[in-house]
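Heads up: the sequence shown runs through residues 0 to 62, numbered per numbering that gives the first Met the number 0. Idealized CB from N, CA, C, for every residue including glycine. Every value quoted in this text rests on a predicted model; they were computed, and no experiment measured them. Let me begin by presenting the structure, written as structure tokens, before commenting on it.
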Amino acid sequence: MPIGTPSVPYRLPGSQYERWVDIYTRLGVERILFLGGEVNDGVANALVAQMLYLDSDDSSKPI
0 MPIGTPSVPY RLPGSQYERW VDIYTRLGVE RILFLGGEVN DGVANALVAQ
50 MLYLDSDDSS KPI
């Protein structure tokens, strides 16, 4: 049986309710980028896009 992407609970800011999101989304909210495989053009583009977004969101916080 294949194992899917793990989900974790996450509470949106200002909300009293939790929802389940995939672990990579949750790590991204915490400005943590996960690289777990070979870097090809698609992976490199996605990683750079995430870093550019996080930098534009708040350039004073570390990624």
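Query: Taking the alpha carbon of residue 6 as the point to measure from, which residue in 34, 23, 48 and 16 has its own alpha carbon closest?; Result: 23
Query: Short check: CB of residue 28 to CB of residue 36, under 9 Å?; Result: no
Query: Indicate whether residue 62 and residue 25 have their beta-carbon atoms separated by less than 9 Å.; Result: no
Query: What separation, rounded to the nearest whole angstrom, lies between the Cα atoms of residue 47 and residue 53?; Result: 10 Å
Query: Please say whether residue 50 and residue 32 have beta carbons closer to each other than 9 Å?; Result: yes
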